[in-house]
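Engineer: Let me begin by handing over the structure; questions about it come next.
Numbering (the working numbering), first residue to last: 490 to 672.
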């Protein structure tokens with residue numbers, strides 16, 4: 490592999506080549522591309538430095554490759570009976586750092602809000618932060634599951650499934666599952 494680069498060390502751009510990439514100094518030299526030789530055939534890769542709108546392009550790359558990513562914390566756990574807590578968390582959306590604060594939906598906590606998501610009678614997504622059935626404001630229901638037309642009873646000797654999320658602002662959200670199950 491030959492690295493083709495421009496050496497600007499003396500104030501005048503000079504094209505050069507090397508097989509040792511580490512000899513290309515990062516501040517006054519920049520890579521234009523690479524050339525691979527296979528017999529008499531040359532394979533040329535234009536892989537130089539493209540700084541046009543670098544920050545935005547890097548952000549878009551991070552979103553495309555890594556998406557939304559947890560760095561640390563943000564652990565959700567149960568406290569008391571079906572109340573939730575979460576720890577401080579650090580997340581990244583592309584190059585943007587998102588810090589969330591701990592939450593506690595129990596009566597012994599602040600209490601923080603638990604937002605529930607399910608469908609109403611018209612099939613629309615709705616959210617509920619108040620009391621749902623016999624469950625207090627910060628508890629996950631053990632009574633209902635989601636249907637396309639609203640909540641339905643889970644039933645005797647059955648259980649529901651719920652998906653928990655930490656929102657960008659740190660609030661806890663739960664999406665009701667769409668079924669009732671038994672072991």
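The beta-carbon is built from N, C-alpha and C at its ideal position, and this holds for glycine as well.
State the beta-bridge partners of residue 568 as determined by DSSP.
Structural biologist: Taking the chain shown and counting its residues from 1, the one referred to as residue 568 is at position 79. Note: residue 568 sits in a beta bridge opposite 572.
Engineer: Can you tell me the Cβ-Cβ gap for residue 578 and residue 563, rounded? I've got them flagged as a contact below 8 Å.
Structural biologist: The residue given as residue 578 occupies position 89 in the chain shown. The residue given as residue 563 occupies position 74 in the chain shown. That belief holds up - the Cβ atoms of residue 578 and residue 563 are roughly 3 Å apart, short of 8 Å.
Engineer: Can you tell me where the beta strand (DSSP E) with residue 645 in it begins and where it stops?
Structural biologist: Here residue 645 corresponds to residue number 156 of the chain shown, with the count starting at 1. Segment: none, residue 645 is in no beta strand (DSSP E) and carries neither H nor E.
Engineer: On the DSSP letters alone, give me the boundaries of the beta strand (DSSP E) that residue 534 sits inside.
Structural biologist: Locating residue 534 in the chain shown gives position 45, where the first residue counts as 1. Note, residue 534: beta strand (DSSP E), 530 to 534.
Engineer: Give me the Cα-Cα distance between residue 656 and residue 662, rounded to the nearest whole angstrom.
Structural biologist: Residue mapping note: residue 656 aligns to position 167 of the chain shown, counting from 1. Residue mapping note: residue 662 aligns to position 173 of the chain shown, counting from 1. The straight-line gap from Cα to Cα measures roughly 7 Å.
Engineer: By a C-beta neighbour count over all protein chains shown, 10 Å radius and 16 as the cutoff for buried, is residue 587 buried or exposed?
Structural biologist: As a working note, residue 587 is residue 98 in the chain shown. By the 10 Å Cβ count, residue 587 comes out buried.
Engineer: By the three-class DSSP mapping on this structure, what secondary structure does residue 547 have?
Structural biologist: Residue 547 sits at position 58 when you count from the first residue of the chain shown. If DSSP states are grouped into helix, strand and coil, residue 547 belongs with the helices.
Engineer: Can you have a look at residue 533 and say buried or exposed, based on whether 16 or more other CB atoms are within 10 angstroms of its CB?
Structural biologist: The residue labelled residue 533 in the question sits at position 44 within the chain shown. Classification for residue 533: exposed.
Engineer: Between the C-alpha atoms of residue 542 and residue 492, what's the straight-line distance to the nearest angstrom?
Structural biologist: On the chain shown, position 53 is the one that residue 542 refers to. On the chain shown, position 3 is the one that residue 492 refers to. Looking at the two C-alpha atoms, the distance is approximately 24 Å.
Engineer: For residue 554, does the three-state DSSP call read helix, strand or coil?
Structural biologist: For the purposes of this step, residue 554 is identified with residue 65 of the chain shown, where counting begins at 1. If DSSP states are grouped into helix, strand and coil, residue 554 belongs with the helices.
Engineer: For residue 509, tell me which candidate among 547, 490 and 503 has the shortest Cα-Cα distance.
Structural biologist: Residue 509 sits at position 20 when you count from the first residue of the chain shown. The residue with the shortest Cα to Cα distance from residue 509 is 490.
Engineer: List the endpoints of the continuous beta strand (DSSP E) containing residue 504.
Structural biologist: Translated into positions along the chain shown, residue 504 becomes position 15. Residue 504 -> beta strand (DSSP E) spans 503 to 507.
Engineer: Relative to the C-alpha of residue 548, which candidate in 583, 499 and 598 has its C-alpha closest?
Structural biologist: Your numbering for residue 548 matches position 59 in the chain shown. Here the closest residue by C-alpha is 583.
Engineer: With three or more beta-carbon pairs closer than 8 Å as the criterion, would you say the region 634 to 643 touches the region 595 to 610?
Structural biologist: yes
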